[in-house]
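Since the structure comes first, as structure tokens, the remarks are kept for the end.
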Amino acid sequence: MAFLELKNVSKSFGGLPVLKDINLHIEKGEFVAIVGFSGSGKTTLISLMAGLLRPDSGVVKLNDLEITEPGPDRGVVFQNYSLLPWLTVSENIFLAVDRVNPNWSAQKKKTHVGKFIALVNLTAARDKRPGELSGGMKQRVSVARALAMEPQILLLDEPLSALDALTRATLQDEISTIWRQNQKTVVLITNDPDEGIYLADRIIPLTAGPGATLGPSFKVGIPRPRDRKAINHDGRFKELRRDITDFLLNSKAQRHTTLTKKLVLPDIEPEDLSRPRAVLAGRPGPKRRSEIKKEMVEVE
Amino acid sequence: MRKFKLDWLILPLLGFMAAVVVWHILSQTVSKDLPSPGKTWQESKDYILKPFEKRGEMDQGILRFTWYSLLLVAKGYALALVVGTPIGFMLGLSKPFAKAFDPIIQILRPVSPLAWLPLGLVLFLSAGKSASDLGALFTIAVCAMWPTVLNTAVGVRAIPQDYLNVAKVLKLSRSKTLFKVLIPATLPYMFTGFRLSLGIAWLVIVAAEMLTGRPGVGGFLWQEYNALNYSHIILCILTIGLVGFALDRLMSVVEGSFKTA
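Sequences listed follow chains A and B, in order. For the first sequence, my numbering begins at 1 and goes up steadily by one. For the second sequence, my numbering begins at 1001 and goes up steadily by one.
What follows is the structure, encoded as structure tokens:
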């Protein structure tokens, strides 16, 4: 039985279908990456899993229970960090810990928060506010907050796409390490196939919208731990990247449809440049064909 | 413009001097009843140099009068904030509530304090001696409330969806959401409202005191007008202006310290 299951899920906004017939099975402990173009509905998909949105039709199930609202059993990391700027790093995480474990002693909560701050290497910045942190550090706080709730599943919504390439690589390594340490189920949404291949067990492309749907899943058979440098020369990596990119580009190409439109010529006559300009009135402006009432025809 | 040393001090002083010169000329030419700057000082210096003296009910040092006015403003202002902030939150949070009450707020908002005061007095008619105090309090609260109400509502509506998502994903309780997310996110807007409200409260006090005749800067102003001591009117105007300016500065400092990144 699948741990997270989406069955025939569709969602549209204002009559425009965003997602159509989404079927997805994710096993416990699996790391799945969903790769797609920007604007194809990736964030909508993860919002459905998080329970922030309800599907128009179909069901989203976690552990065989239908997801109807957001809850702390699913840790979400948003693209734009979503930290509360008036709280420090540790307070932001404490808010989550306090919510999930209200009965713990104050000391235990504090130790727990400290543990997860240390996990993302932010102990030195624990009393800073988000405004004083770099993008990469903010995203680490966001990851630590999600992990500190000890959720059943971690939903990452393009967590690294706002970061520069180097910070991105470092954080990918950190996510990879953290995942191997506690074997959580992870759904990663990304627009970068390389990132997906490097991190995930399985990659599922999301076709171009509107009405996006999931493609076939690609198994990443590269053994862990994966070496960032070596992976570039791995034949399986190259093949996967080519297949996924091809699939995405083809899905976009199929979007080109033909429409027949009636051709309407502009209703305007060319201006006669040979006529002299009047000093005050200027050259008489261009005429619309529909305004012309007389026609002069030369007869032999 | 070129800057020179002490321009922050010299230019404003020049401005003040120009105003005093115009005042002097007016008092000599157009309006002979307007006391000249010199005469104003002569007749007012008792009130300024012994600011806390009490010679009679309506004959007290200017700061003592100011103190009375400030006390009443503080009470009315506090009432306005206590009532206005929750109303603002409800307007911002609930669409039906906003639809129901926005029209009446828009209608009551432009009503002048001078119109509210008689109603306040009628409301507390049964209170006997303290009716005028309660009426003034009511007037200040009603007039000063609107900027707080409207700014809080705007602030609540302007909370970024990200912060609300955090509250939703963590499934925070209602009170936690309010105190950990909604209030901190709205605070900058709320303080702008608080500042505007304080300005209005100070405007209203003068009108309220004039009409009720209770001791205070406004009451003193009206009494001295009736007693033909015109120079004291100017003294009162300057005092009201200076105090209002000081209050506004004070609030903007407080406001600045609450701004979050």
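A virtual CB, placed ideally from N, CA and C, is assigned to each residue, including glycine. Computed from a predicted structure; not experimentally measured.
(request) Note down, in chain order, every chain B residue with its Cβ under 8 angstroms from the Cβ of valine 187 (chain A). (result) The premise fails here: valine 187 (chain A) is roughly 14 angstroms from chain B at the closest Cβ pair, so nothing lies under 8 angstroms.
(message) Can you check whether the C-beta of tyrosine 81 (chain A) is within less than 9 angstroms of a C-beta belonging to chain B?
(response) yes
(request) Would you tell me roughly how many angstroms separate the C-alpha atoms of lysine 20 (chain A) and glycine 39 (chain A), rounded to the nearest one? (result) 14 angstroms
(request) Taking phenylalanine 78 (chain A) as the query, report the chain B residues whose CB atoms sit under 8 angstroms from its CB, ordered along the chain. (result) Asp1162, Asn1165
(request) Please name the residue, chosen from A:Val297, A:Ile244, A:Asp56, A:Glu5, that lies closest to glycine 14 (chain A) on a Cα-to-Cα basis. (result) A:Asp56
(request) Could you name the residues of the segment 1118-1131 of chain B whose beta carbon sits closer than 8 angstroms to any beta carbon of chain A, in the order they occur along the chain? (result) none
(request) Check arginine 242 (chain A) in the structure and name its three-state DSSP category. (result) helix
(message) Between which two residues does the beta strand (DSSP E) holding threonine 190 (chain A) run?
(response) 185-190
(message) For arginine 99 (chain A) and tryptophan 86 (chain A), what's the separation of their Cα atoms in angstroms?
(response) 18 angstroms
(request) Return no unless some Cβ of chain A is closer than 9 angstroms to the Cβ of lysine 1005 (chain B). (result) no
(message) Taking beta-carbon pairs under 7 angstroms, can you tell me which members of the segment 82-94 of chain A lie near chain B?
(response) Ser82, Leu84, Pro85, Trp86
(request) Would you tell me roughly how many angstroms separate the C-alpha atoms of asparagine 232 (chain A) and aspartate 192 (chain A), rounded to the nearest one? (result) 14 angstroms
(message) Going by DSSP in three states, proline 1188 (chain B) sits in which element: helix, strand or coil?
(response) helix
(request) Determine the extent of the alpha helix (DSSP H) in which valine 89 (chain A) is found, giving its start and end residues. (result) 89-100
(request) Give a yes or no on whether 9 angstroms exceeds the smallest Cβ distance from leucine 1178 (chain B) to chain A. (result) no
(message) For tryptophan 1202 (chain B) and glutamate 1209 (chain B), I'd like the C-alpha separation in whole angstroms.
(response) 11 angstroms
(request) Check whether the Cβ of valine 1169 (chain B) lies closer than 9 angstroms to any Cβ atom in chain A. (result) yes
(request) Kindly indicate which residue of A:Lys262, A:Arg289, A:Val264, A:Lys261 has the alpha-carbon position closest to the one of proline 270 (chain A). (result) A:Arg289
(request) Using a Cβ-Cβ cut-off of 9 angstroms, state whether leucine 1091 (chain B) counts as contacting chain A. (result) no
(request) Please compile the residues from chain A whose C-beta is within a distance smaller than 7 angstroms of the C-beta of valine 1181 (chain B). (result) Leu84
(message) In the DSSP output, what is valine 32 (chain A) paired with across the bridge?
(response) A:Val187, A:Arg202
(message) 9 angstroms is my cut-off, CB to CB: does alanine 118 (chain A) come that close to chain B?
(response) no
(message) Can you tell me where the alpha helix (DSSP H) holding arginine 180 (chain A) begins and where it ends?
(response) 165-182
(request) Please specify which runs of the alpha helix (DSSP H), each continuous and at least 4 residues long, are wholly inside the segment 1171-1254 of chain B, giving them in chain order. (result) 1183-1212, 1217-1226
(request) Return helix, strand or coil for proline 17 (chain A), following the three-state DSSP convention. (result) strand
(request) With a threshold of 16 other CB atoms inside 10 Å of the CB of arginine 1249 (chain B), please say whether the residue is buried or exposed. (result) exposed
(request) Report yes or no: is there a C-beta of chain A within less than 9 angstroms of the C-beta of alanine 1158 (chain B)? (result) no
(message) As a quick exercise: from B:Leu1137, B:Trp1008, B:Leu1079, B:Trp1023, pick the residue whose alpha carbon is nearest that of alanine 1207 (chain B).
(response) B:Leu1137
(request) Report, in whole angstroms, the separation of the C-beta atoms of leucine 1119 (chain B) and alanine 1127 (chain B), which I expect to be a contact under 8 angstroms. (result) Incorrect: roughly 14 angstroms between the Cβ atoms, too far for contact.
(request) Taking C-beta pairs closer than 7 angstroms, name the residues in chain B that alanine 125 (chain A) reaches, listed in chain order. (result) Within chain B, no residue comes near alanine 125 (chain A); the closest Cβ sits about 15 angstroms away, beyond 7 angstroms.
(request) Keeping to the same chain, check which residues put their C-beta closer than 6 angstroms to that of isoleucine 46 (chain A); ignore five residues upstream and five downstream. (result) Leu155, Asp157, Ile189
(request) Would you kindly work out how many angstroms separate the C-alpha atoms of aspartate 243 (chain A) and phenylalanine 218 (chain A), rounded to a whole number? (result) 9 angstroms
(message) Quick check: the Cα distance between glycine 209 (chain A) and serine 1197 (chain B), rounded to an integer number of angstroms?
(response) 50 angstroms
(request) Within 10 angstroms of the Cβ of glutamine 139 (chain A), are there 16 or more other Cβ atoms? Answer buried if so, exposed if not. (result) buried
(message) So leucine 1114 (chain B) contacts chain A; which residues on that side make the cut at Cβ distance below 8 angstroms?
(response) What leucine 1114 (chain B) touches in chain A: nothing, since even the nearest Cβ is about 41 angstroms away.
(request) Taking only beta carbons into account, state which residues of the segment 96-114 of chain A come closer than 7 angstroms to chain B, listed in chain order. (result) Ala96, Arg99
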